[in-house]
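S.K.:
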Amino acid sequence: MMNASEIPTFAVVGHPNEGKSSVVATLTEDDSLRISDFPGETTVCSDYSVRVDDEILIRFLDTPGFQHPQKTLEWMQQHSAQKRHPAHAFVEAFREDPEHHHDVELLIPLAAGAGIIYVVDGSRPMRKNDVCEMEILRMTGNPRMALINPKEGDDSFLQTWKENCAKSFNLTRIFNAHHASFVERMALLESLKRMHQDWEPAMLRAVGIFERDWKKRVSDTAQIISDCLVEALEFQVEMFTAKGEDETVLRSKLIAQYQLEIQSLEKRAHSLIRGVYRHRKFRPTLPEQSILAEDLWSERSWKMLGLSRRQVLMAAAVLGGGAGLKLDILFANLSFGMFTLSGAALALAGTWVKGENMARVEVKKLRLGRAILTLGPNRNPQFPFVLIDRLLLFYQWMICWSHARPDVQEQIQSIEGENKAGLSSSWTKKRRELIYKCLKQIKHKKVEAKAAASEKLKAEIESILCELSTDTTAALSSLCKEM
Amino acid sequence: MPPPSENRGESAQQARHWFQQHVSDHSGEEHAEFPDPKVLKAWLKHQKKQHKGDTPLPGESWQWLIGMLFWLLLFAGLLTGAGVTASLLNYDGAQPVNVAIFLFLLVGIQFIWSFVSFIVIAGKGLQWIPLHAGFSLRLLQGLMHWASTRLDRHLISKLATEKRMVWESFWRHLRDDHAASGKFLLWPILTRIQMAGVMFNVGVIFTLMTSVVFRDLAFGWQTSMQQINDGTVATLVKALSLPWNWIWGEGQGFPSRAQIEGSRIILKDGIGAMQNPYLTSWWPFLMMAVTVYGFIPRVLLWLWLSVQERRQVALYPIQSPSCQKLWSRFHTRYLHVTTRPFDNHSQSKDNASAPSLLADNLAPTAGSAQSTVLDVPCWFYMDEGLGSPNEQSEIKSLLSPYGWQVKGVLDSSPSDDGSCFERFCSGDCLLWVEEAWQPPIQEKMKRLKASHGLLPPGVFLCVGLAGKPRGVSWLTPVRSRDLEIWQKFVHQNLSKEIQVRALVAS
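In order, the protein sequences belong to chains W and E. Just so we're aligned: the first sequence equals residues 206 to 688 in our numbering. Just so we're aligned: the second sequence equals residues 165 to 670 in our numbering.
Okay, here's the thing in structure tokens:
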């Protein structure tokens, strides 16, 4: 009967509208599952396999909800004397009965020996039907876990659920499918291995693969963000003018085009990050209050994101001082640190005076009265930090966006107030300076230096992303407790 | 006058109100077992008057459709008859029109068709033949079945449950309506088809007449068989012209033997050898043959079907489910639920009588909350598992601040629902309490359906919904989405007669 030695297979079962499909969608990161608040959305048992290449690691089976819990239990109790698996006997007896279609579909995987993940909404009271369902599942004898999914966040019934689930299930966990982070998902998978000893190696392997996959995703995202920054920093637009054309109009056209192109770069990066985190079907909607919903060039974006003026000046001074220090060393320190001080002062002054400037429009006259107008690259020291902040916020939002819920999540984005609220302003001094240096070097003409700077930038962004995913997890870890 | 109706209860409320105003004497109304056809007709008349100019009523739409079909078939019949005749009467002076072909196509086939139609229609009318028997109807049914299966497999099954349920309900109603009223749709269609047959003959006669008057025509007959000679043809013609030869005799109503002999076509001799008076002698016979064997049978069939159509409508079974439903609406008190500002004083007064149940006050602060009001006494039934209070007085005191007048509390289980309901009187309401946040699973729906079927006539069922318990209180406001889900499930899967209401409005 049990196929436990084969691929770990888990049937996600429960009462209708308890969030079974949401759990499957979150665990498999599949946003194509049909999820609705209208009960009875799932009508057949569907297989959602997690694969690596063509190899199936784990199978999650999404099932319809119990439609006749009392009658099913009654039938199973009456036929308990039979030596057959009760789920199997029920399926055999009611397979052709259209009225019991949902119950049969639910019990088919149990009859085949699948592990049970019983999903209950912990924010509602327990009723007789729930007791019947638990008893049915207990009678199957399959390895089983209760997953308390507090849909509405009300924990007044949680204790009752915990106590009752402990009586009928090998394991009980609280898992909010709509808020589960990567670490919570991994923790749940880890605990699944304890349901059946034979599944342990396969589950351990699966968790290892998931973790490696997550690291790869972080690395890919870092590459996307780094590429976007490099492209944005080097980006420039050109426009030809004919004789007699108003240059002022052309300048404003050029600026508009530049801004639009940079926005497109940002959007492309968003789309790529979305793909990395497998949000294929639903395009997450940005909350209205979100700073991400603001235009990249809006005053609010620049006010709230990026570094403070002091932080920029400090970073510039350190960078200028560093260049001077090299000269001091060259002169065996006979200059008494004059170059270091001068470099820092010059960089400080330069950033102070020109720091607010955006990209400059340069005009190159051509023959026959024609000219070529060039805008970019952007020299504003704040620009890459504003962009990086926006991309990091988007990343943070993506990893929190549940595959089970195609609506707005309220975390992260409610940035209000006068102070800097982006991520870059809270970085350590060392990190700020390192990134500032990388961004400066990216503008270098030497290809090798540029490549090295890009590599360093990517590595630093990757470590930021790792920290962010852990921080987000820590903030939400209270939702993932094992009993 | 009842207050403005709410969504699905509108038709029930209107029916009840009309009945109270126009038929019932407002008191002691008796619930007759079978609907009174006069009342039903009066109600239909009232509905037609009421909805004049609004969205077309189903009857109006049907009339319009059948009217369109009538004109379509009328013109199609006329044009086909005229067209076929005109092509058969094609004469260019080289070869006369073949009388035998004309007779076979426009008289022979028609007569056989009319005869078969008569047998089939008479068989269906007298129920010798099943109503939906017949190749064309079977073909149509097969096509419909094929289309609905494909539609279900490729489209409906892929819809979200909420939309799928609407479709399934629509199909179910369509099937039920077809089973109840399908035959009433059949007769008007058959009548219109006969009208097309009549018009076909009119087309033939008209074309033949105009061709005779305005064109040079020649008719003749030919055969290769030695056994068939002028005498045989003359005998046949005389036999066919029996119905009218007592009015118009030989040479007038049908061709004489000499005329028949003179109009025989021998191709090697050519038309030049034939005399013109003989060649034109056939048209009165042809005209009369079409009239007698084509036109008149069709007219008779049409008249008979028209009579049959009226007879069938007059015989509409008033015991049909839809009539019974309407009749039940007339006699069922409409559960009228309104909202009113919550009265904090009465709440606190009742708290004293049932302190344990209302300790955790479910109602929001005074003024902001609303409660529901029921203007009829009800029997209270609460499904197990709600931690339901057992004492009748407790339930009464608990519900009375919300306007629900509890007449009695039922302690029922699926096996003894019937015996519990025997205590009910006409006009009672069974208030069946469910928790709105629990999904309406099939097991619950079946129980509800069975109970609805067991209720004595005149007793109506109301599903009263409670919200999620707060503390020890189960009587809390219901989320609008939960109410909507329950209404959809009950109305689409069970019956629109069952009212679904929140016990405490949100």
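Every residue gets a Cβ at the ideal spot worked out from N, C-alpha and C, and that includes glycine. Predicted, not measured: the structure shown is a model, and the values here were computed from it.
Under the three-state reduction of DSSP, which class applies to S251 (chain W): helix, strand or coil?
M.R.: Position 46 of the first sequence, counted from the start, is the residue given in the question as residue 251 (chain W). Three-state result, S251 (chain W): strand.
S.K.: Would you call the CB atoms of A658 (chain W) and I647 (chain W) closer than 7 Å?
M.R.: As a position in the first sequence, residue 658 (chain W) is number 453, starting the count at 1. As a position in the first sequence, residue 647 (chain W) is number 442, starting the count at 1. Yes, these two residues count as a Cβ contact at 7 Å.
S.K.: With burial defined as no fewer than 16 other Cβ atoms inside 10 Å of the residue's Cβ, what is the status of Q601 (chain W): buried or exposed?
M.R.: Taking the first residue of the first sequence as 1, we reach residue 601 (chain W) at position 396. With 16 or more other Cβ atoms within 10 Å, it is buried.
S.K.: At the level of alpha carbons, what is the spacing between L562 (chain E) and K613 (chain E)?
M.R.: Locating residue 562 (chain E) in the second sequence gives position 398, where the first residue counts as 1. Locating residue 613 (chain E) in the second sequence gives position 449, where the first residue counts as 1. Taking the straight line from one Cα to the other gives about 27 Å.
S.K.: Closest Cβ-Cβ distance between Q282 (chain W) and chain E: below 7 Å?
M.R.: Taking the first residue of the first sequence as position 1, residue 282 (chain W) is located at position 77. No, Q282 (chain W) does not count as interfacial toward chain E.
S.K.: What is the DSSP secondary structure of T325 (chain E), counted as helix, strand or coil?
M.R.: On the second sequence, position 161 is the one that residue 325 (chain E) refers to. Helix, per DSSP.
S.K.: Please identify the residue among E:P201, E:R356, E:R180, E:L270 whose C-alpha is closest to the C-alpha of F459 (chain E).
M.R.: Within the second sequence, residue 459 (chain E) is the residue found at index 295, counting from 1. The candidate whose alpha carbon is nearest that of F459 (chain E) is E:L270.
S.K.: Between which two residues does the beta strand (DSSP E) containing E260 (chain W) stretch?
M.R.: Taking the first residue of the first sequence as position 1, residue 260 (chain W) is located at position 55. Element bounds for E260 (chain W): 260-267.
S.K.: Is the CB of V606 (chain E) under 7 Å away from at least one CB in chain W?
M.R.: Mapped onto the second sequence, residue 606 (chain E) falls at position 442. Correcting the residue identity first, residue 606 (chain E) is Gln in this sequence and not Val. True, the Cβ-Cβ gap to chain W drops below 7 Å.
S.K.: For V456 (chain E), which residues in the same chain have their Cβ closer than 6 Å to its Cβ, ignoring the five residues on either side in sequence?
M.R.: The residue given as residue 456 (chain E) occupies position 292 in the second sequence. Once the five neighbours on either side are set aside, the close Cβ partners of V456 (chain E) are P407.
S.K.: How many angstroms separate the CA atom of L526 (chain E) from the CA atom of T248 (chain W)?
M.R.: On the second sequence, residue 526 (chain E) is found 362 positions in, with the first residue counted as 1. On the first sequence, residue 248 (chain W) is found 43 positions in, with the first residue counted as 1. Confidence at L526 (chain E) is low in this model, with a pLDDT of 35, below 50, so its placement is unreliable and no value can be given for it.
S.K.: Would you please state the rounded distance, in angstroms, between the beta carbons of L526 (chain W) and A554 (chain W)? I believe it to be under 8 Å.
M.R.: Residue 526 (chain W) sits at position 321 when you count from the first residue of the first sequence. Residue 554 (chain W) sits at position 349 when you count from the first residue of the first sequence. This sequence places Gly at residue 526 (chain W); Leu is not what is there. With a Cβ gap of about 13 Å, G526 (chain W) and A554 (chain W) do not count as contacting.
S.K.: Kindly list the residues whose CB is nearer than 7 Å to the CB of N365 (chain E), restricted to its own chain and excluding five residues on each side of it in sequence; keep chain order.
M.R.: Translated into the one-based positions of the second sequence, residue 365 (chain E) becomes position 201. So the list reads G245, V454, G458, F459, R462, once near-sequence residues are dropped.
S.K.: What separation, rounded to the nearest whole angstrom, lies between the Cα atoms of L267 (chain E) and D316 (chain E)?
M.R.: Position 103 of the second sequence, counting from 1, holds the residue named residue 267 (chain E). Position 152 of the second sequence, counting from 1, holds the residue named residue 316 (chain E). L267 (chain E) and D316 (chain E): Cα-Cα distance of roughly 50 Å.
S.K.: Give me the residue from E:V261, E:F282, E:V597, E:K288 with the minimum Cα distance to Q476 (chain E).
M.R.: Here the question's residue 476 (chain E) lines up with position 312 in the second sequence. Minimum Cα distance to Q476 (chain E) is reached at E:K288.
S.K.: Suppose the cutoff is 7 Å on Cβ atoms and the five residues either side in sequence are ignored; what does the same chain contact list for S431 (chain W) look like?
M.R.: Sequence index remark: in the first sequence, residue 431 (chain W) carries index 226 (1-based). So the qualifying residues of the chain are S659, L662, K663, I666.
S.K.: Quickly, what does DSSP pair G219 (chain W) with across the bridge? List them, please.
M.R.: If you number the first sequence from 1, residue 219 (chain W) lands on position 14. According to DSSP, which records beta bridges pairwise, G219 (chain W) is partnered with W:V324.
S.K.: What are the start and end residues of the alpha helix (DSSP H) that includes I430 (chain W)?
M.R.: On the first sequence, residue 430 (chain W) is found 225 positions in, with the first residue counted as 1. It spans 405-439 - the alpha helix (DSSP H) in which I430 (chain W) sits, taken as one unbroken run.
S.K.: Taking the alpha-carbon of H608 (chain W) as reference, which of W:G480, W:A654, W:Q462 has the nearest alpha-carbon?
M.R.: On the first sequence, position 403 is the one that residue 608 (chain W) refers to. When only C-alpha atoms are compared, the closest one is W:G480.
S.K.: List, in chain order, every chain E residue whose beta-carbon is nearer than 8 Å to that of Q275 (chain W).
M.R.: Residue 275 (chain W) sits at position 70 when you count from the first residue of the first sequence. Near Q275 (chain W) (Cβ distances below 8 Å), the residues of chain E are E607.
S.K.: Tell me where the alpha helix (DSSP H) around V263 (chain E) begins and ends.
M.R.: The count along the second sequence starts at 1 and reaches residue 263 (chain E) at position 99. That run of the alpha helix (DSSP H) goes 263-267.
S.K.: How big is the Cα-Cα spacing for E389 (chain W) and C605 (chain W)?
M.R.: Here residue 389 (chain W) is taken as the residue at index 184 of the first sequence, counted from 1. Here residue 605 (chain W) is taken as the residue at index 400 of the first sequence, counted from 1. Taking the straight line joining both Cα atoms gives about 11 Å.
S.K.: Measuring straight from C-alpha to C-alpha, what distance separates E567 (chain W) and A528 (chain W)?
M.R.: For this step, residue 567 (chain W) is matched to residue 362 along the first sequence. For this step, residue 528 (chain W) is matched to residue 323 along the first sequence. Near 28 Å, if we compare the C-alpha coordinates of A528 (chain W) and E567 (chain W).
S.K.: Between A630 (chain E) and chain W, is any beta-carbon pair separated by less than 7 Å?
M.R.: The residue given as residue 630 (chain E) occupies position 466 in the second sequence. Not an interface residue.
S.K.: For F544 (chain W), collect the residues of the same chain with a Cβ closer than 6 Å to its Cβ; drop the 5 residues on either side in sequence, then sort them by chain order.
M.R.: Here residue 544 (chain W) refers to the residue found at position 339 of the first sequence. Only G529, L532, D533 meet the Cβ criterion.
S.K.: Return no unless some Cβ of chain E is closer than 7 Å to the Cβ of E246 (chain W).
M.R.: On the first sequence, position 41 is the one that residue 246 (chain W) refers to. Chain E contact via Cβ: present.
S.K.: Tell whether a beta-carbon distance below 7 Å holds between L232 (chain W) and F265 (chain W).
M.R.: Taking the first sequence and counting its residues from 1, one reaches residue 232 (chain W) at position 27. Taking the first sequence and counting its residues from 1, one reaches residue 265 (chain W) at position 60. Going by C-beta atoms, L232 (chain W) is nearer than 7 Å to F265 (chain W).
S.K.: Does P221 (chain W) come within less than 7 Å of chain E when only Cβ atoms are used?
M.R.: Within the first sequence, the letter at position 16 stands for residue 221 (chain W). Closer than 7 Å to some Cβ of chain E, the Cβ of P221 (chain W) qualifies, so yes.
S.K.: Would you grab the beta carbon distance between E304 (chain W) and Q606 (chain E) for me? Rounded to a whole angstrom, and I think it's under 8 Å.
M.R.: Here residue 304 (chain W) refers to the residue found at position 99 of the first sequence. Here residue 606 (chain E) refers to the residue found at position 442 of the second sequence. Indeed they touch by this definition, with Cβ atoms about 7 Å apart.
S.K.: From G192 (chain E) to A478 (chain E), what distance separates their C-alpha atoms?
M.R.: In the second sequence, the residue the question calls residue 192 (chain E) occupies position 28. In the second sequence, the residue the question calls residue 478 (chain E) occupies position 314. Annotation note: pLDDT 45 at G192 (chain E) (below 50); position unreliable, coordinate value reported separately. Cα-Cα distance, rounded: 31 Å.
S.K.: Are the segment 203-219 of chain E and the segment 327-335 of chain E touching, with three or more C-beta to C-beta distances below 8 Å?
M.R.: The segment 203-219 of chain E is not in contact with the segment 327-335 of chain E.
S.K.: Within the continuous beta strand (DSSP E) that includes Q569 (chain E), where are the two ends?
M.R.: Locating residue 569 (chain E) in the second sequence gives position 405, where the first residue counts as 1. 569-573 is the extent of the beta strand (DSSP E) around Q569 (chain E).
S.K.: Run down chain E in chain order and give the residues with a C-beta less than 9 Å from the C-beta of F295 (chain W).
M.R.: If you number the first sequence from 1, residue 295 (chain W) lands on position 90. Chain E residues near F295 (chain W): none, gap ~15 Å exceeds 9 Å.
S.K.: Just to confirm the assignment, what range does the alpha helix (DSSP H) spanning C370 (chain W) have?
M.R.: Position 165 of the first sequence, counted from the start, is the residue given in the question as residue 370 (chain W). Its alpha helix (DSSP H) spans residues 363-373.
S.K.: Applying a beta-carbon distance threshold of less than 7 Å, which residues of chain W neighbour R339 (chain E)?
M.R.: For the purposes of this step, residue 339 (chain E) is taken as the residue at position 175 of the second sequence. None at all; the shortest Cβ gap to chain W is about 16 Å.
S.K.: Give the C-beta separation of L592 (chain W) and E416 (chain W) to the nearest angstrom, bearing in mind that I take them to be a contact with Cβ-Cβ under 8 Å.
M.R.: Residue 592 (chain W) sits at position 387 when you count from the first residue of the first sequence. Residue 416 (chain W) sits at position 211 when you count from the first residue of the first sequence. Not a contact, Cβ separation roughly 30 Å.
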